[in-house]
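To keep things clear, I will list the structure first and then write my remarks on it.
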Amino acid sequence: MALPVLRSSNTVNRWDPFREFEDLHGRLDEWLESAVSGVPVWSPLADVSETADAYLVAVDLPGVKREDVSVELMGTTLAIAGELKEREQAGWFRSRTRRRGRFEYRTTLPHEVDADRVEANLNDGVLSVRIPKSEAMKPRRIEITGN
12 MALPVLRSSN TVNRWDPFRE FEDLHGRLDE WLESAVSGVP VWSPLADVSE
62 TADAYLVAVD LPGVKREDVS VELMGTTLAI AGELKEREQA GWFRSRTRRR
112 GRFEYRTTLP HEVDADRVEA NLNDGVLSVR IPKSEAMKPR RIEITGN
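What follows is the structure, given as C-alpha cells:
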C-alpha cells in the first residue's frame, strides 16, 4: 500500500513503506558480505527518481574511473559495483576520511523495466543510469465509448 506524502514543493509523492524494507535488506546484505569476506565494502550516495517512462539513478562516485565500475541489471534489481583505487601520495596522512576500496550499491525498482535500453554514463564524478520502463508499465490513455 502506498500512501501520499506532501513534500515542501507542494507536490504529492507516493511513499512505499515496503521499499524502506528492501533498502534495509540491501544494506544488511552489504554489511554481511563485508563481514564474511573480510574486505570492507562501502555504499556510495545515490538518488533514484522516476519519470513517466523511466527510472533515473544518480550515484556519487568522485574519483572513480569508468573502467573501475560495473553496472548490472538482474530483473528489477540494479547493482553497481567497483573500486575507488588508492592514489599515490607524498608524505604520510595526518587525517584520513575519504573512502577508498570496493563499493557496492543496489536498489530494487518497483516495476518491470526494458533491460535492452538501459543507458549509463559517468561524468563529473556522477554515474547516471537511465532504466526505461517496460511498455506494459507505461501509462496509456483509454478512450471511453458509450452514449
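First residue of the sequence shown: 12, per the working numbering; consecutive thereafter. All C-beta atoms, glycine included, are put in the ideal place defined by N, C-alpha and C.
Candidates the options: closest to residue i by CA position
i	options	result
D135	F29, R141, L72	L72
K144	A131, P121, N158	P121
E31	V124, L138, S139, T118	T118
G86	R109, V129, A57	V129
K76	F29, S54, A92	A92
K149	A101, E61, W103, A131	E61
R110	V82, E99, I153, P55	P55
R151	V82, R105, D40, D64	D64
A57	L138, Q100, I155	L138
For residue i, the first and last residue of its enclosing beta strand (DSSP E)
i	result
T1	Since the first residue shown for the chain is 12 and the last is 158, residue 1 is missing from the structure and cannot be characterised.
R141	137–143
V82	80–85
S71	This sequence places Asp at residue 71; Ser is not what is there. That run of the beta strand (DSSP E) goes 65–71.
S60	57–61
A131	130–134
E94	88–95
Within 8 Å, strictly: CB atoms of residue i and residue j
i	j	result
E97	D79	no
L59	V52	One point to set straight first is that residue 59 is Val, not Leu, in the sequence displayed. Contact flag unset, no.
E123	A90	no
Proximal residues to residue i (C-beta, below 6 Å), its chain only, five neighbours per side dropped
i	result
Y66	L120, I142
P28	none
G133	Note that residue 133 corresponds to Leu in the displayed sequence, not to Gly. Hits under 6 Å: R77.
Sequence-distant residues of the same chain with beta carbon closer than 8 Å to residue i, five excluded per side
i	result
T88	R117, T118, T119, L120
L84	A90, V124, A126, V129, I142
A101	none
Quick test of the definition: if touching needs 3 or more C-beta pairs under 8 Å, does the region 57–75 touch the region 108–120? yes
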